[in-house]
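What follows is a single structure, written as structure tokens, with notes after it.
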Amino acid sequence: MKTNHFLFCFILLIGILSPGPQVLSQVTIGVDKGPHPGALLQIEDGTVISGEPLVNASKGIGLPRVDLQSITGGLARSLNPPGGAARSSDNDKYIGLVVYGGEDNECSRNPLYKGPYIWTGSQWEHLGLSQKSPDLGVLTDNRPQKGGSQKYLYHPFGKAGVWMLDNMRYVDVDETKMTYKVGANSRPDGLANGYYCHPHRAIIEYPAENKIPEYWESTHGYLYNYQAATLGQNLQDVGPTDEHQGYGGDKEYDDEGNPIRVQGICPDGWHIPTDREWSELEEEIYNNPSKYSSYTGAFDPPEWKVDVWNVAGTEARRGTANGDLSKAFSTSCEVIEDNSGKKHPGRSHPVIQGGFNALPVGYITINSSQDAEIWKYGEASTFWTVSKGYFEDFEPWAWTRVIYTSPTTEFDVQRDASDRFNQYSVRCKKDD
């Protein structure tokens, strides 16, 4: 036993004292040369300073930088530029891969924020802070319709409820409820029949058939006359005496005091807002501009003037004299050129941050000669309310909201009584 113990100690001592193979554990990153003597890890970027034998890089080791093309679509597609040759990639093999990419484009509806991303096997997941509102929702309208199912973003607006952030683009499959046409054959025709069309810059661009303009985006939606927007539904009949719906009117509620909803072209569970509901939305954005726009302070006056702007039967411009309310409604991202090539951006938050994002796609009227006219493309947007009215010696009309963006036009939000044969945009509100 003692002999074995002595032999073990002797062999161990020989192993410690004997010279072995040379082990190198020094590494240089950034240049193709050995590290400075005594450095285990040295990072260089090629900088040379006279008299300084040891010049390290000013930056450390970062994640591999890539040009992400999309969040989803497979590893090869999301990393390859459009039109590039797709690489053969095993999506599951690279689960956990972390890269640095993206760009700060808050206007994108599917933004690729700049920062680190991790591959989950099916998509890239951003590891940084998201600028997307947690209350932002996506509605898929699966009703049978031309163009197939449609997706709409929506967001709550305080006491004013939940509103869509996109213009409607519903058309029934057979076009039995509405027909594609700019304007109408006449004013009476425009009251009796439903018409829709794409927004256009000029009347001369309108083809005889339904042809999509090259500058049209689906988020621009369609322009509808009142009959098409409501699909012929009504709150209640008004007239022939001077009656109207909205603030001061009694036609928006049933005999038990419950609000009457008109779904119209809106998806199930949504409706075309009334004049009263539009006023509530204006009041919410006016009193809380920083929640929905880039404004950081209060407007002047600091609160919505209920006794002045919520008055029955009154066409009025609402908001401050310099157009702050109109700008708070209007898109800062999807800005549209007017007929002179100019752009008039608003100050609404991007849709991913819950801004209303009104798009200045203009509107269409029919003049006294029964001709269609295009107005304010790139400068204003007009939205239907479902609230209508009748004044003696006037054409049947309905309340609308005109949101101006161009300084060459009247600023602020206009509450306007508009002829029902005109064609305007539609935003929907969620049922309470």
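For the sequence shown, the positions run -7 to 424 when our numbering is used. Don't be surprised by glycine CBs; every beta carbon is placed ideally from N, CA and C. Being a predicted model, the structure only gives us computed values, none of them experimental.
Worksheet item: Mapping DSSP to helix, strand and coil, what is K283?
Response: Position 291 of the sequence shown, counted from the start, is the residue given in the question as residue 283. It is helical.
Worksheet item: Under 8 Å, do S440 and T397 count as touching if we go by C-beta distance?
Response: Any answer about residue 440 is impossible in this case: the structure gives the chain only from -7 up to 424.
Discussion item. To the nearest angstrom, how far is the alpha carbon of P281 from that of E248?
Written reply: Position 289 of the sequence shown holds residue 281. Position 256 of the sequence shown holds residue 248. Straight-line Cα distance between these residues: approximately 35 Å.
Practice prompt. Pair every Cβ in the region 217 to 228 with every Cβ in the region 132 to 142, then say whether three or more of these pairs are closer than 8 Å.
Written response: no
Item to complete: Ignore the nearest five residues each way along the sequence and tell me which others in D181's own chain have a CB closer than 8 Å to its CB.
Response: The sequence position of residue 181 within the sequence shown is 189, counting from 1. Cβ within range, chain order: F413.
Worksheet item: Which residues in the same chain as W246 place their Cβ atom closer than 7 Å to its Cβ, once the five residues preceding and following it in sequence are excluded?
Response: Translated into the one-based positions of the sequence shown, residue 246 becomes position 254. For the record, residue 246 in the displayed sequence is Asp; it is not Trp. Result list for D246: I252, in chain order.
Worksheet item: In chain order, what residues of the same chain have a beta carbon less than 7 Å from the beta carbon of Y287, not counting five sequence neighbours either side?
Response: For the purposes of this step, residue 287 is taken as residue 295 along the sequence shown, with counting starting at 1. So the list reads P281, D316, A320, R339, once near-sequence residues are dropped.
Practice prompt. Please list, in chain order, all residues of the same chain as I264 whose beta carbon is under 8 Å from its beta carbon, the five residues on each side excluded.
Written response: Translated into positions along the sequence shown, residue 264 becomes position 272. Result list for I264: A221, T222, V254, Q255, G256, I257, C258, W376, T377, V378, V418, C420, K421, in chain order.
Worksheet item: What's the gap between the Cα of V405 and the Cα of V58?
Response: Working through the sequence shown from its first residue, we reach residue 405 at position 413. Working through the sequence shown from its first residue, we reach residue 58 at position 66. Looking at the two C-alpha atoms, the distance is approximately 45 Å.
Discussion item. Mapping the DSSP letters down to three states, classify D423 as helix, strand or coil.
Written reply: By 1-based counting over the sequence shown, the position of residue 423 is 431. If DSSP states are grouped into helix, strand and coil, D423 belongs with coil.
Discussion item. Between Y109 and L121, how many whole angstroms is the CB-CB distance? I'm expecting something under 8 Å.
Written reply: Translated into positions along the sequence shown, residue 109 becomes position 117. Translated into positions along the sequence shown, residue 121 becomes position 129. Actually they do not touch by this definition, with Cβ atoms about 13 Å apart.
Fill in: Coarse secondary structure for P180, derived from DSSP in three states
For this step, residue 180 is matched to residue 188 along the sequence shown. In this structure, P180 counts as helix in the three-state DSSP scheme.
Practice prompt. Leaving out five residues on either side along the sequence, give the residues of the same chain with a beta carbon under 6 Å from the beta carbon of D424.
Written response: Locating residue 424 in the sequence shown gives position 432, counting from the first residue. There are no such residues.
Worksheet item: In terms of residue numbering, what span does the alpha helix (DSSP H) encompassing T392 cover?
Response: For the purposes of this step, residue 392 is identified with residue 400 of the sequence shown, where counting begins at 1. Note, T392: premise wrong, no alpha helix (DSSP H); beta strand (DSSP E) at 389 to 396.
Discussion item. Can you give me the C-alpha to C-alpha distance between Y105 and Q61, rounded to a whole angstrom?
Written reply: Against the sequence shown, residue 105 aligns to sequence position 113. Against the sequence shown, residue 61 aligns to sequence position 69. For Y105 and Q61, the distance between alpha carbons rounds to 12 Å.
Worksheet item: Where does the unbroken alpha helix (DSSP H) through V300 begin, and where does it stop?
Response: Taking the first residue of the sequence shown as 1, we reach residue 300 at position 308. Unbroken alpha helix (DSSP H) run through V300: 298 to 301.
Discussion item. Suppose you measure from the CA of K283 to the CA of S322; what does that come to, to the nearest Å?
Written reply: Here residue 283 corresponds to residue number 291 of the sequence shown, with the count starting at 1. Here residue 322 corresponds to residue number 330 of the sequence shown, with the count starting at 1. Rounded to whole angstroms, K283 to S322 spans 14 Å at the Cα level.
Discussion item. With distance defined between alpha-carbon atoms, name the residue in G381, I395, Y369, P388 nearest to H190.
Written reply: By 1-based counting over the sequence shown, the position of residue 190 is 198. The candidate whose alpha carbon is nearest that of H190 is Y369.
Discussion item. So, for T357: in the same chain, excluding its five sequence neighbours on each side, which residues have a beta-carbon less than 6 Å away from its beta-carbon?
Written reply: Locating residue 357 in the sequence shown gives position 365, where the first residue counts as 1. E365, N414.
Worksheet item: Are the beta-carbon atoms belonging to Q115 and T39 less than 8 Å from one another?
Response: Here residue 115 is taken as the residue at index 123 of the sequence shown, counted from 1. Here residue 39 is taken as the residue at index 47 of the sequence shown, counted from 1. No, Cβ-Cβ distance for Q115 and T39 is not below 8 Å.
Discussion item. Our contact map puts D408 next to E329 with C-beta atoms below 8 Å; I'd like the distance itself, whole angstroms only.
Written reply: Position 416 of the sequence shown, counted from the start, is the residue given in the question as residue 408. Position 337 of the sequence shown, counted from the start, is the residue given in the question as residue 329. No, D408 and E329 are not in contact; Cβ-Cβ is about 24 Å, not under 8 Å.
Discussion item. With a threshold of 8 Å, are at least 3 pairs of Cβ atoms found where one atom belongs to the region 156 to 169 and the other to the region 347 to 355?
Written reply: yes
Discussion item. For I395 and S332, which I take to be in contact (beta-carbon distance under 8 Å), what is that distance rounded to the nearest angstrom?
Written reply: Taking the first residue of the sequence shown as position 1, residue 395 is located at position 403. Taking the first residue of the sequence shown as position 1, residue 332 is located at position 340. 20 Å between Cβ atoms; not a contact.
Item to complete: To the nearest angstrom, report how far apart P294 and L67 are at their CA atoms.
Response: Numbered from 1 along the sequence shown, position 302 holds the residue referred to as residue 294. Numbered from 1 along the sequence shown, position 75 holds the residue referred to as residue 67. Approximately 51 Å, taken between the alpha carbons.
Worksheet item: If we ignore side chains and look at the alpha-carbon of each, how far apart do G153 and P56 end up?
Response: Walking along the sequence shown from the start, residue 153 turns up at place 161. Walking along the sequence shown from the start, residue 56 turns up at place 64. The alpha-carbon atoms of G153 and P56 are separated by roughly 45 Å.
Worksheet item: DSSP three-state call for T233: helix, strand or coil?
Response: Here residue 233 refers to the residue found at position 241 when the sequence shown is read from its first residue. Because the pLDDT of T233 is 45, which lies under 50, any placement of that residue in the model is unreliable, and the number read from its coordinates should be weighed accordingly. Three-state result, T233: coil.
Fill in: Contacts around S178, its chain only, beta-carbon distance under 6 Å, and the 5 residues preceding and following it disregarded
By 1-based counting over the sequence shown, the position of residue 178 is 186. Here the set comprises Q362.
Discussion item. Quick check on DSSP: helix, strand or coil for V343?
Written reply: For the purposes of this step, residue 343 is identified with residue 351 of the sequence shown, where counting begins at 1. In this structure, V343 counts as helix in the three-state DSSP scheme.
Fill in: Residue span of the beta strand (DSSP E) that contains S122, given as start and end
Mapped onto the sequence shown, residue 122 falls at position 130. From DSSP, S122 is part of no beta strand (DSSP E); its letter is neither H nor E.
Discussion item. Helix, strand or coil for D411? Go by DSSP, reduced to three states.
Written reply: To locate residue 411, count along the sequence shown from 1; it is residue 419. Looking at D411 - three-state DSSP - the assignment turns out to be strand.
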